[in-house]
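Each number in the working numbering corresponds to the 1-based position in the sequence shown with 142 added.
The C-beta atom is built at its ideal place from N, Cα and C for all residues, glycine as well.
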Amino acid sequence: MDPKPRPNHRQYIETLRRMTPEQRLRQSFELSAFAQQLFMHGLRKRFPDLTAEEFKKLLLRRLEKCHNRNY
């Protein structure tokens with residue numbers, strides 16, 4: 143049983159299938175960059191008083207926590 147309705151899932155899959163591998167890869171890079179921008183924006187809103195250097199250190203510490211250590 144699907145816990146969440148996804149009325150556009152079939153259309154999404156069909157759209158992905160029509161894309162070339164290059165288009166899908168490019169889209170994945172765009173989504174990854176967008177997610178990183180959202181993360182940075184949220185972090186900046188949460189810690190607005192940090193200097194650029196302090197913010198960079200915080201960002202790198204947080205990203206390190208997200209790193210997959212299974213490799």
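Using DSSP with H/G/I as helix, E/B as strand and the rest coil, what is His209?
coil
Please work out which residues of its chain come closer than 8 Å, Cβ to Cβ, to Leu185, disregarding the five sequence neighbours upstream and downstream, and give them in chain order.
Phe197, Leu200, Leu201, Arg204
Unbroken alpha helix (DSSP H) run spanning Pro163, endpoints:
163-188
Kindly indicate which three-state DSSP category Lys146 falls into: helix, strand or coil?
coil
My understanding is that Leu158 touches Arg166, with C-beta atoms under 8 Å, so please give their C-beta distance in whole angstroms.
6 Å
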